[in-house]
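Numbers in my numbering are just positions in the sequence shown, counted from 1, shifted up by 283. Yeah, the Cβ is synthetic: ideal placement off N, Cα and C, and Gly gets one too.
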Amino acid sequence: MSILVTGCNSTLGYHLLNLLPHDGGDIVAVTSEPVPERLRLSHVTYVGSDLSDFKQTLSLMNTWRPAEVYHLVSQEFSLGMPGMKPAALYQFFTSGAYNLFESVRQSVPKARVVLASSSEIYGGRKGAMDILHHETDRFLPLSPYATAQASCELIARQFTVAHGLDTVTARPFGVTGPHQPEKFVLSSTASQIASIELNDGETAIYTGNLDVSRDYIDVRDQARAFALLMKRGNTGETYNICSGKVRTIRDLVQFLIQLSGCPIEIRIDPSLERALDIPLLAGSPEKFMALTGWKPMISLEDSLRDLYAEIKTRGAPGPTVVATAPAPIKV
Numbered sequence: 284m285s286i287l288v289t290g291c292n293s294t295l296g297y298h299l300l301n302l303l304p305h306d307g308g309d310i311v312a313v314t315s316e317p318v319p320e321r322l323r324l325s326h327v328t329y330v331g332s333d334l335s336d337f338k339q340t341l342s343l344m345n346t347w348r349p350a351e352v353y354h355l356v357s358q359e360f361s362l363g364m365p366g367m368k369p370a371a372l373y374q375f376f377t378s379g380a381y382n383l384f385e386s387v388r389q390s391v392p393k394a395r396v397v398l399a400s401s402s403e404i405y406g407g408r409k410g411a412m413d414i415l416h417h418e419t420d421r422f423l424p425l426s427p428y429a430t431a432q433a434s435c436e437l438i439a440r441q442f443t444v445a446h447g448l449d450t451v452t453a454r455p456f457g458v459t460g461p462h463q464p465e466k467f468v469l470s471s472t473a474s475q476i477a478s479i480e481l482n483d484g485e486t487a488i489y490t491g492n493l494d495v496s497r498d499y500i501d502v503r504d505q506a507r508a509f510a511l512l513m514k515r516g517n518t519g520e521t522y523n524i525c526s527g528k529v530r531t532i533r534d535l536v537q538f539l540i541q542l543s544g545c546p547i548e549i550r551i552d553p554s555l556e557r558a559l560d561i562p563l564l565a566g567s568p569e570k571f572m573a574l575t576g577w578k579p580m581i582s583l584e585d586s587l588r589d590l591y592a593e594i595k596t597r598g599a600p601g602p603t604v605v606a607t608a609p610a611p612i613k614v
C-alpha cells in the first residue's frame, strides 16, 4: 500500500511524513519545489509534479496507486504566494484540488483523501470576541486564500456526493513548532531573536500587529491529528483541528524573548501587518476529540522552546544529513 502526500514542503508535511509508518509500502511526497536537504527523509520518495496539470496528476496516481492521499498544498502556501494575484491564486488551489480528486476518481476510486483546509474560511464576526467556531458555522472568508480554501472544500464535497469518493476534511487552526518556515509570525520572530542572541545584533525585533488572539497547537500534535483522521474520520465529514484555547500573539512573542535572556524591544512595522486581520480565531475541537480521543500533548511553551532551539541551528555549518524518521507512532 502506498501513501501519497502533497504539499510536503510545509511544516505539517514534514512532520506528517516523519510520523507515517514505513514498514513496506511506499511513501510518496509530491512537491512543485525542491525540498531542502535538512527536511528530506530517508524513507520517503520525493516526486516533482504540477497538480495544476491534469495529465501529470493522473499519471502520478496511475504510477503510485495510493490507498491514502493527504492533500496538504494549502499548508505549504497558507500565507499565499508573493506576487500572485487573487485570480491566479484561485486557479492554483481550485484546479489543483479538482485535478487531484478527478485523478483519484479515475485511477484509485477506493482511496481515502484527507483534505487540509483552513480555519480562515470562518472569517471574522464583528463584536464576537468569545466565539469558538464549530464545523457547522457558515463560511465568511475575508481573503483570497480563505476563499480558495472554501472552494476546495466544496469541490471535495461534490466528489463525495456525486461520485462516492472517500474524503475527509480537516480545518486546522494556528500551528507552530520546529521546522516552521520563517514567513510565519512566530518563526520569524524567533529567528530575529535568535540572531540577536547569537550575533549580538540590534536589540529590536520587527513585527506586524501582535494584538490578535489565535488557537495554536504544536505541529506534531497536528500531524498526529491528520493521521488519526485518515484512520477514523467519517467520509464526507469536516473536523476542526485545534485546542479550543486562545493566546495573544503578543504573549507568545514575549515568551520567545524570555527564552533568549536578552533585553529586546518590540517595534511594529506597518508593512508586516495584514490588510484584513481577524482579531480572534478559535475553534471547538469537541467533534474530533469525541471521535478519536485526540488532544494536544505538547504544551505551547514546549512547542516554542523547540522552535527556538531548532531555529538557532539553521544555517549552522556542517555536513548535509538526510534525516531518518523515528519509529512509527501508533495512532
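Reduced DSSP secondary structure (H/G/I, E/B, other) of residue i
i, result
"D306", "coil"
"H446", "helix"
"L423", "coil"
"G516", "coil"
"G296", "helix"
"E418", "coil"
"V391", "coil"
"G457", "strand"
"L493", "coil"
"D498", "coil"
"G406", "coil"
"G633", "Not covered by the structure: residue 633. The range shown for the chain is 284 to 614."
"L563", "strand"
"L322", "helix"
"I555", "Going by the sequence as given, residue 555 is Leu instead of Ile. Correct three-state label for L555: helix."
"L334", "coil"
Residue span of the beta strand (DSSP E) that contains residue i, given as start and end
i, result
"N523", "T521 to I524"
"Y489", "A487 to T490"
"E351", "E351 to H354"
"G331", "T328 to G331"
Per-residue burial, residue i [other beta carbons within 10 Å of its own, 16 or more giving buried]
i, result
"P317", "exposed"
"Q463", "buried"
"T340", "buried"
"H416", "buried"
"Q541", "exposed"
"V605", "Only weak support exists for where V605 lies, its pLDDT of 33 falling under 50; the value from the coordinates is given anyway. Exposed, by the Cβ-count rule."
"T294", "buried"
"G331", "exposed"
"G379", "buried"
"S402", "buried"
"P562", "exposed"
"I404", "buried"
"D534", "exposed"
"E320", "exposed"
"A592", "exposed"
"D449", "buried"
"G410", "Reliability fails at G410, whose pLDDT of 49 lies under 50, so the model's placement of it is uncertain and the value that follows must be treated cautiously. By the 10 Å Cβ count, G410 comes out exposed."
"P424", "buried"
Limits of the unbroken alpha helix (DSSP H) element including residue i
i, result
"A271", "The requested residue 271 does not occur in the structure, where the chain is confined to residues 284 to 614."
"I549", "Segment E548 to I551 is the beta strand (DSSP E) holding I549; no alpha helix (DSSP H) there."
"L287", "It is not in any alpha helix (DSSP H) - L287 instead sits in the beta strand (DSSP E) that spans I286 to T289."
"D589", "L583 to T596"
"V536", "I532 to S543"
"S342", "F337 to W347"
"L574", "E569 to T575"
Pairing CB atoms from the region 286-306 with CB atoms from the region 508-525, are three or more of them under 8 Å?
yes
Inter-stretch contact at 8 Å, needing at least 3 Cβ pairs: the region 555-574 / the region 449-465:
As far as the Cβ criterion goes, the region 555-574 touches the region 449-465, which means the pair count is three or higher.
Within 8 Å, do at least three Cβ pairs link the region 462-481 to the region 381-394?
no
For the region 543-556 against the region 472-480, are there 3 or more C-beta pairs whose distance is under 8 Å?
yes
I'd like to know if the region 425-443 and the region 575-591 are in contact, where contact means that at least 3 CB-CB pairs between them fall below 8 Å.
no
Should the region 499-506 be called in touch with the region 549-558, which here means at least 3 C-beta pairs below 8 Å?
Judged by Cβ distances under 8 Å, the region 499-506 makes no contact with the region 549-558, as fewer than three pairs qualify.
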